[in-house]
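The listed protein sequences correspond, in order, to chains B and F.
For the first sequence, the positions run 268 to 533 when my numbering is used.
For the second sequence, the positions run 5 to 430 when my numbering is used.
Don't be surprised by glycine CBs; every beta carbon is placed ideally from N, CA and C.
What follows is a single structure, written as structure tokens, with notes after it.
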Amino acid sequence: MSAAVAELRHVVREFGGATTVRALAGVDLALAPGDFCAIVGASGAGKSTLLNVMGLLDRLTAGEYFVDGVATSGLNDRQRSAVRGSTIGFVFQSFHLLATRSVLDNVLMAFTYGGVPRSERRPRAVEALDRVGLGARLAFSPATLSGGERQRVAIARAVCAGPRLLLADEPTGNLDRSNSESVMELFAELNADGLTIAIITHDDEVAGRAHRRLQLRDGTLHSSAAEAAAPAFQPSSARGPAPSDGTHASLADVNQVTGIRGGTRR
Amino acid sequence: MSRRDRTVSRSTRHHTRPPHGQGLGARSVITEALDGVGARPGRLVVTVLGTVTGIAALVLTIGLGQTAGGQLASHFDAISSTHAEATAAVAAGADGAEHPTAEIPRDALARLDGLAGVEAAAVLGEVDIGTDPITAVPIHDPSMPETLAPPVVAAEGDLLGAVSGRLARGRFFDAGHSARGDRVAVLGRDAAASLGVGDVASRPSIFLGGHAYAVIGILDAVDIQPNLLGSVIVPLAAARRDYPGATAARVELKIAVGSASVVAHQVPIALAPNSPDDFDVAAPAEPTQFEGAVRSDIDLVFVAIGIITLLAGGLGIASVTMLGVSQRRGEIGLRRALGATRGQIAAQFVLESVVVGLLGGVIGAALGVFVVVTISLVQGWTPVLDLGMTLGGAAAGGVVGLLAGGYPAIRAALIEPVEALRAASG
Ligand SMILES: Nc1ncnc2c1ncn2[C@@H]1O[C@H](COP(=O)(O)OP(=O)(O)OP(=O)(O)O)[C@@H](O)[C@H]1O
Ligand SMILES: [Mg+2]
Numbered sequence: 268m269s270a271a272v273a274e275l276r277h278v279v280r281e282f283g284g285a286t287t288v289r290a291l292a293g294v295d296l297a298l299a300p301g302d303f304c305a306i307v308g309a310s311g312a313g314k315s316t317l318l319n320v321m322g323l324l325d326r327l328t329a330g331e332y333f334v335d336g337v338a339t340s341g342l343n344d345r346q347r348s349a350v351r352g353s354t355i356g357f358v359f360q361s362f363h364l365l366a367t368r369s370v371l372d373n374v375l376m377a378f379t380y381g382g383v384p385r386s387e388r389r390p391r392a393v394e395a396l397d398r399v400g401l402g403a404r405l406a407f408s409p410a411t412l413s414g415g416e417r418q419r420v421a422i423a424r425a426v427c428a429g430p431r432l433l434l435a436d437e438p439t440g441n442l443d444r445s446n447s448e449s450v451m452e453l454f455a456e457l458n459a460d461g462l463t464i465a466i467i468t469h470d471d472e473v474a475g476r477a478h479r480r481l482q483l484r485d486g487t488l489h490s491s492a493a494e495a496a497a498p499a500f501q502p503s504s505a506r507g508p509a510p511s512d513g514t515h516a517s518l519a520d521v522n523q524v525t526g527i528r529g530g531t532r533r
Numbered sequence: 005m006s007r008r009d010r011t012v013s014r015s016t017r018h019h020t021r022p023p024h025g026q027g028l029g030a031r032s033v034i035t036e037a038l039d040g041v042g043a044r045p046g047r048l049v050v051t052v053l054g055t056v057t058g059i060a061a062l063v064l065t066i067g068l069g070q071t072a073g074g075q076l077a078s079h080f081d082a083i084s085s086t087h088a089e090a091t092a093a094v095a096a097g098a099d100g101a102e103h104p105t106a107e108i109p110r111d112a113l114a115r116l117d118g119l120a121g122v123e124a125a126a127v128l129g130e131v132d133i134g135t136d137p138i139t140a141v142p143i144h145d146p147s148m149p150e151t152l153a154p155p156v157v158a159a160e161g162d163l164l165g166a167v168s169g170r171l172a173r174g175r176f177f178d179a180g181h182s183a184r185g186d187r188v189a190v191l192g193r194d195a196a197a198s199l200g201v202g203d204v205a206s207r208p209s210i211f212l213g214g215h216a217y218a219v220i221g222i223l224d225a226v227d228i229q230p231n232l233l234g235s236v237i238v239p240l241a242a243a244r245r246d247y248p249g250a251t252a253a254r255v256e257l258k259i260a261v262g263s264a265s266v267v268a269h270q271v272p273i274a275l276a277p278n279s280p281d282d283f284d285v286a287a288p289a290e291p292t293q294f295e296g297a298v299r300s301d302i303d304l305v306f307v308a309i310g311i312i313t314l315l316a317g318g319l320g321i322a323s324v325t326m327l328g329v330s331q332r333r334g335e336i337g338l339r340r341a342l343g344a345t346r347g348q349i350a351a352q353f354v355l356e357s358v359v360v361g362l363l364g365g366v367i368g369a370a371l372g373v374f375v376v377v378t379i380s381l382v383q384g385w386t387p388v389l390d391l392g393m394t395l396g397g398a399a400a401g402g403v404v405g406l407l408a409g410g411y412p413a414i415r416a417a418l419i420e421p422v423e424a425l426r427a428a429s430g
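And the structure:
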């Protein structure tokens, strides 16, 4: 039994209005623990919509979405928020750092809505900032950082609470080549540690760092031709026991936070 | 970044969470709200100003009212504990109107003389002079505009002592004037002004229905019976001669501190040993009812100003919070992505405006107290400040913030996370 960290089944997302836009027209996708997947596609193809659905930021029109084997369609706002807080990390193209707070405070925000004990928060935030190479900038204002540094602060914020799934919507979209590379290096390292990652990008080189490449076209996913040409990492079967440990720990977390009992577990 | 660092990330991911995640971070949300308020100090000043003004106006009005009231009360207490007034009891007559049941005896002053606790006594009564004019010149000029004649009061005894009066000029009439039936007069300050009498050294005359009365003094101030200041005061004996109906209607008494109950018991017996119930002794009527009525009107205006300012302050908080909600959509989206529920978003914005309101309330209440104390200091009053009222003022600021923040907070909570994130760039 292999529990996918995230699994979409026949997911449809339509936007109402004068004319209905069908952004996702039956998407099937399963992300196994440790997957590193790049999603590409033309502008307006529905990439952001797909990622928002996977992040529980948006709702489905039809289909079902499972996080760690738990069906999400029956969850209320509080439960969805708890899953976001405990299981999913987000990295945005525009960083979303608060300009009025220090680098460290921005990362500490990740703990505001979670159950991490107060005494653990600061050490873990500092640890995460060390991890992204910004351990010396704790008291800096984000305004004084370069774009690449800002994005690394945002990544520290996304991973410091220990998510199971990292979703990144064009994380290198505002960065130059060398900053992009350092950010992608960071993603690759996080993935090598077992973190499941889905990343949207327009950049072939960025997509090349992933070991799965999917193209969104006409609202459905297709394996991209370039997938074979991206042998960045070992196949998932060779990646050690850490991910499955994570599966159990994290599923328990979801249940505790959301109060779900006996949810569909796959 | 070296490969060695990876262990750090791994250990990060495997921290266990406490079993109970609910009630998540009430403390965190409060901290976030405080940070949110402190993040824009310039805007904060503007936002707080309306609440500060409104609360200050309310605290000032109420505090000043209480202080002035306390002042009045203590002043009045001092007067009423040293003055008393004896009048004939009234009973309903055959015509249904109320009539005095007895007259003040002619020898009233002699009867009261030496009574324990009585320091000064005078009998007095208003004199009905009909349509007689009162003028400062001997010949009545019919072409002169008719002016309302000041009331005439006939008195005997130590009136100056009984009402704790002070003379601006001259002297008061005494027992000798009364015994001789001299036509002399003491003018109240206001009556002197209206009659055009300024000096008494030359013994100017005023003419009361054709009789010349020599003005021997001008009364400047009294502790009780302020209407004396507008009156012409003449000896009772002279008044009886010119107006046979003139009679004493009451006895004014200056009494020793603490003797009020003794006096109240003894004076009726002294005046009418056989029927002491015919006389009532009471503290003088409160002289400030009219002033009080004016004050409460002024209070009403101030309270209205305070409430209107407070409303404006609340609207200010509401609109600034609303502005904050639309400017901080990105932050809202981010917080939602980090796991904030709608309720926590709403709580944050409500708390922020409550903090702003409370801040305004505290500053406003302090300002109000400061002004009350300053005014009291200048006036030589004892400031009377109800602690509950002051704290209530500060709390009212918080309530204003709560009401003002409610709607923007709901709007913030209803924003879909996707919308919030799409709208803003960080
Ligand atoms: N809230 C919405 N209301 C209506 N239509 C929407 C909404 N959100 C997205 N769409 C539509 O859904 C389609 C997919 O949008 P989406 O943002 O997912 O594209 P994308 O692949 O991320 O594009 P890009 O590469 O430009 O970011 C687009 O046609 C868009 O106009
Ligand atoms: Mg997009």
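{"Asked": "In whole angstroms, give me the CA-to-CA distance for leucine 164(F) and glycine 54(F).", "Found": "53 Å"}
{"Asked": "Comparing the CB of isoleucine 466(B) with every heavy atom of ligand 2, is any distance shorter than 8 Å?", "Found": "no"}
{"Asked": "Please look up how many angstroms separate the CB atoms of alanine 252(F) and alanine 112(F), rounded, as I've assumed it's under 8 Å.", "Found": "7 Å"}
{"Asked": "Could you check if alanine 474(B) belongs to the surroundings of ligand 1, using beta carbon to heavy atom distance under 8 Å?", "Found": "no"}
{"Asked": "Where does the unbroken alpha helix (DSSP H) through glutamate 394(B) begin, and where does it stop?", "Found": "385-398"}
{"Asked": "Any contact between the stretch 410-425 of chain B and the stretch 352-363 of chain B? By contact I mean 3 or more CB pairs, one from each, below 8 Å.", "Found": "yes"}
{"Asked": "Check each residue of the stretch 330-346 of chain F: if its Cβ is closer than 8 Å to any Cβ of chain B, include it; give the result in chain order.", "Found": "Gly334, Glu335, Gly337, Leu338, Arg339, Arg340, Ala341, Leu342, Gly343, Ala344, Thr345, Arg346"}
{"Asked": "Within a Cβ cutoff of 6 Å, which residues of the same chain sit near leucine 371(F), ignoring the five residues on either side of it in sequence?", "Found": "Ala60"}
{"Asked": "How would you label leucine 319(F), buried or exposed, when you count the other beta carbons within 10 angstroms and need 16 or more for buried?", "Found": "exposed"}
{"Asked": "Who are the neighbours of glycine 414(B) on chain F, taking C-beta pairs under 9 Å?", "Found": "Those do not exist, as glycine 414(B) stays about 11 Å from chain F at its closest Cβ, beyond 9 Å."}
{"Asked": "Is DSSP giving aspartate 442(F) helix, strand or coil here?", "Found": "Because chain F is modelled from 5 through 430, residue 442(F) falls outside the range shown and cannot be assessed."}
{"Asked": "Using a Cβ cut-off of 9 Å, which residues of the stretch 365-378 of chain B contact any Cβ in chain F, in chain order?", "Found": "Leu365, Ala366, Thr367, Arg368, Asp372, Met376, Ala377, Phe378"}
{"Asked": "For ligand 2, I want to know if aspartate 436(B) counts as a neighbour, meaning its beta carbon is within less than 8 Å of at least one of the ligand's heavy atoms.", "Found": "yes"}
{"Asked": "What are the residues in the stretch 26-49 of chain F lying within 9 Å of chain B by C-beta distance?", "Found": "Gln26, Leu28, Gly29, Arg31, Ser32, Val33, Thr35, Glu36, Asp39, Gly40, Gly42, Ala43, Arg44"}
{"Asked": "Under the criterion of a Cβ to heavy atom distance below 8 Å, does histidine 469(B) qualify as lining ligand 1?", "Found": "yes"}
{"Asked": "Report the neighbours of proline 387(F) on chain B: residues whose CB is nearer than 9 Å to its CB, in chain order.", "Found": "What proline 387(F) touches in chain B: nothing, since even the nearest Cβ is about 41 Å away."}
{"Asked": "So valine 422(F) contacts chain B; which residues on that side make the cut at Cβ distance below 8 Å?", "Found": "Asn319, Leu324, Asp325"}
{"Asked": "Using only alpha-carbon positions, find the residue among Glu281(B), Leu342(B), Thr287(B), Arg385(B) that is nearest to serine 32(F).", "Found": "Arg385(B)"}
{"Asked": "Any contact of the stretch 366-376 of chain B with the stretch 400-420 of chain B, i.e. 3+ C-beta pairs under 8 Å?", "Found": "yes"}
{"Asked": "Compare the Cα-Cα distances from threonine 325(F) to each of Leu48(F), Ile34(F), Thr35(F), Ser84(F) and report the closest residue.", "Found": "Leu48(F)"}
{"Asked": "Does ligand 2 have even one heavy atom less than 8 Å from the beta-carbon of serine 361(B)?", "Found": "no"}
{"Asked": "How is the beta strand (DSSP E) around threonine 105(F) delimited, first residue to last?", "Found": "Premise fails: threonine 105(F) is in no beta strand (DSSP E) and is neither H nor E."}
{"Asked": "Counting only C-beta atoms, is glycine 352(B) closer than 9 Å to chain F at any point?", "Found": "yes"}
{"Asked": "In terms of residue numbering, what span does the beta strand (DSSP E) encompassing valine 358(B) cover?", "Found": "355-359"}
{"Asked": "Spatial neighbours of isoleucine 133(F) within its chain, please: C-beta separation below 8 Å, excluding the five flanking residues on both sides.", "Found": "Ala153, Val156, Leu212, Gly213, Tyr247"}
{"Asked": "Taking 9 Å as the CB-CB cut-off, is histidine 478(B) touching chain F?", "Found": "no"}
{"Asked": "Taking arginine 404(B) as the query, report the chain F residues whose CB atoms sit under 8 Å from its CB, ordered along the chain.", "Found": "Within 8 Å Cβ-Cβ: nothing; arginine 404(B) doesn't reach chain F, min ~15 Å."}
{"Asked": "Using 9 Å as the limit for Cβ to Cβ distance, is aspartate 295(B) near chain F?", "Found": "no"}
{"Asked": "Would you say glycine 293(B) touches ligand 1, meaning its beta carbon is less than 8 Å from a heavy atom?", "Found": "no"}
{"Asked": "For a cutoff of 9 Å on Cβ pairs, would you count leucine 425(F) as touching chain B?", "Found": "yes"}
{"Asked": "Would a check of beta-carbon distances place tyrosine 380(B) closer than 9 Å to chain F?", "Found": "yes"}
{"Asked": "At 7 Å on the CB atoms, spell out the chain B contacts of glutamine 383(F), in chain order.", "Found": "Correct list: empty, because the minimum Cβ distance to chain B is about 47 Å."}
{"Asked": "Beta carbon of serine 353(B): closer than 8 Å to some heavy atom of ligand 2?", "Found": "no"}
{"Asked": "Do you know whose CA, among Leu342(B), Phe333(B), Arg391(B), lies nearest alanine 270(B)'s CA?", "Found": "Phe333(B)"}
{"Asked": "For glutamine 75(F), write down the residues that DSSP places opposite it in a beta bridge.", "Found": "Glutamine 75(F) is not bridged to any residue."}
{"Asked": "Counting only beta-carbon separations shorter than 9 Å, does isoleucine 355(B) have a partner in chain F?", "Found": "yes"}
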